[in-house]
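With our numbering applied, the sequence shown corresponds to residues -5 to 93, in that order. Idealized CB from N, CA, C, for every residue including glycine. The next block holds one structure in the form of structure tokens; read it before the comments.
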Amino acid sequence: TVAAQVAQMREMLRNHEAKEKEREWKRGLADGELDDTRLVEAACGDQNVFRRRIDSNNPALLASKPKRLLIACDLSPSMAVYDRIDDRLRRLQEAIVFV
């Protein structure tokens, strides 16, 4: 049975709170964590190839309301065709029931 896993998932979702402010990466710094998108520049001797997490001032990233989870399921006829091959509809049902 999956009762323990369902209980664990419910507890995790119940305890998850929306953060008031999200954090974002500030890039192009002289110190911090190596920015993996700037490895070529680092190899060429550029000094500003580091990044650091900072509190965001972007108003689009403020979470004033609780987060919600929306699940979309593909129940088109093509799913029934492939269901005979790999049992995907049963697996989809199990995943939806789990969440």
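Using C-beta distances below 6 Å, list every residue in its chain close to residue i, excluding the 5 sequence neighbours before and after it, in chain order.
i   : result
D35 : The amino acid occupying residue 35 in the given sequence is Glu; Asp does not appear at that position. For E35, where only same-chain residues beyond five positions count, the Cβ hits under 6 Å are V43.
Per DSSP, what kind of secondary structure is residue i in: helix, strand or coil?
i     : result
R62   : coil
D40   : coil
V(-4) : coil
N51   : coil
Determine, using beta carbons only, whether residue i and residue j come nearer to each other than 8 Å.
i   : j   : result
M73 : L64 : no
R45 : R62 : no
Q41 : A24 : yes
What span of residues does the beta strand (DSSP E) with residue i cover, start to end?
i   : result
E18 : 17 to 23
Which residues does DSSP pair with residue i in a beta bridge?
i   : result
R45 : R21, E27
Starting from residue i and walking both ways along the alpha helix (DSSP H), at which residues does that stretch end?
i   : result
D68 : No alpha helix (DSSP H) contains D68, which DSSP labels as neither H nor E.
R85 : 82 to 92
Which same chain residues, not among the five before or five after residue i, have their C-beta less than 8 Å away from its C-beta?
i   : result
R47 : R17, E18, W19, K20
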